[in-house]
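Yeah, the sequence shown ends on 433 if you go by this note's numbering, and it's all consecutive.
Structure record follows, encoded as structure tokens.
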Amino acid sequence: MTLGTSEKIFLLIGIIDFVGIFTLIGVMLYVAKTKTETILNHLTNSSISSRLIMLWHGGPWGKIYMMGEVFDIMRNPEFYIHTGKLCAKDFENFPKKLKKNLIILYKLVFIFFAIMMCLGISSSVDQINNIVKDPIVIMTLVSFTGLLVVNGILLYTAKRRLETILNSLKRSSITSSLLMLWQAGLGGHIYMLGEIFGILKKPARYISQGKVSARDVKNFPPKLKRDLLKLNKYQQIFGFAFVGFGLLALFGLI
């Protein structure tokens, strides 16, 4: 079977991406092996250092996970400082060149994995084309894509504005619960957003339960509140649309 020009280009990109990902994983393991001592020496006042040591002793996967934690510290120091895991002075004195190189390495890893995902989606386009001839299936896919995009924007907004959200609710007992949820991974992030939506949409209930201070609700940043509620509205629209069209598509296939 002879490959066309587009297939050859696609295959070449796939090979380069595959080699690139494994090369970057090798670089991450090399950095973990050679720079861990330097990283830990500059985080001596931070409680996160004990977790990094534990991960470093967890074999290759532990080292990769440790590098992911280090990348996150470099990108979102405010979150780690706010949670008490990172000392602000430690981050301030962290070697600038090493910090820059770590961020560049993270971006390269992200780009290569994103390319891999795009290639995976593109390779199955022919199969998808046979399925999506039905308008209902098309609407199901559109609503699902919209839901993913909105949820992605919500998670990004929550991550970037977490410190603002927590500071705005500093008089409220629910703050510790929100912080704990945020630290519980993706599922915790989503559940935390649900709690925040509940606070913004039905503050009276949370105030009556003693979880939220009325003053905190009143002083919550108006623009951030509008943005979050608008995103929640889009989330509901795409969510209901996906469920509705999904059921119709399922009945059509049956």
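Don't be surprised by glycine CBs; every beta carbon is placed ideally from N, CA and C.
All of these numbers come straight from a predicted model, not from anything done at the bench.
For M245, does the count of other Cβ atoms within 10 angstroms reach 16, so buried, or fall short, so exposed? buried
Taking 8 Å as the limit between beta carbons, can you name the residues of its chain near I232, skipping five residues before and five after? L219
Give me the residue from V396, K404, I317 and I416 with the minimum Cα distance to A428. I317
State the Cα-Cα distance for the pair L410 and T223, rounded to the nearest angstrom. 40 Å
Contact check, E342 vs E271 under 8 Å by CB: the rounded distance? Actually they do not touch by this definition, with Cβ atoms about 17 Å apart.
On the three-state DSSP scale, how would you describe S356? helix
C-alpha distance - K187 paired with E374, whole-angstrom precision: 50 Å
Are there 16 or more other CB atoms within 10 angstroms of the CB of I283, so buried, or fewer, so exposed? exposed
Indicate whether the contact test is met: 3 or more Cβ pairs, each with one atom in the segment 273 to 288 and one in the segment 203 to 219, closer than 8 Å. yes
For I252, count neighbouring Cβ atoms within 10 angstroms of its own Cβ and tell me buried if that reaches 16, exposed if not. buried
Just mark N398 as buried or exposed, buried being the case when its beta carbon has 16 or more other beta carbons within 10 Å. exposed
Can you check whether the CB of L360 is closer than 8 Å to the CB of L345? no
Take F323 and list the residues in its own chain whose beta-carbon comes closer than 7 Å to its own, dropping the five residues that flank it on each side. F421
Does S347 come out as helix, strand or coil in the three-state DSSP assignment? helix
Look at R340 and L403 and say whether their C-beta atoms are less than 8 Å apart. yes
DSSP state of S392 mapped onto helix, strand, coil: coil
Which listed residue (G425, I195, G199 and F197) has its alpha carbon closest to that of I315: G425
Skipping 5 residues on each side, what residues in its chain have a beta carbon closer than 7 Å to that of L334? H368
Option nearest G331 by Cα separation, candidates I386, L407 and I195: L407
Confirm, please, whether the CB-CB distance from V329 to Y413 is below 8 Å. yes
Separation of K264 from M180, as counted between CA atoms: In this prediction, M180 has a pLDDT of 47, which is less than 50 and means its spatial position is unreliable; nothing more can be read from the coordinates.
Provide the residue span of the alpha helix (DSSP H) that contains F258, from first to last. P256 to H261
Excluding the five sequence neighbours on either side, which residues of its own chain have a C-beta within less than 8 Å of the C-beta of I433, listed in chain order? Caution is warranted here: a pLDDT of 46 is assigned to I433, below 50, making its placement in the model unreliable, and the coordinate value is therefore given only provisionally. Cβ within range, chain order: n/a, list empty.
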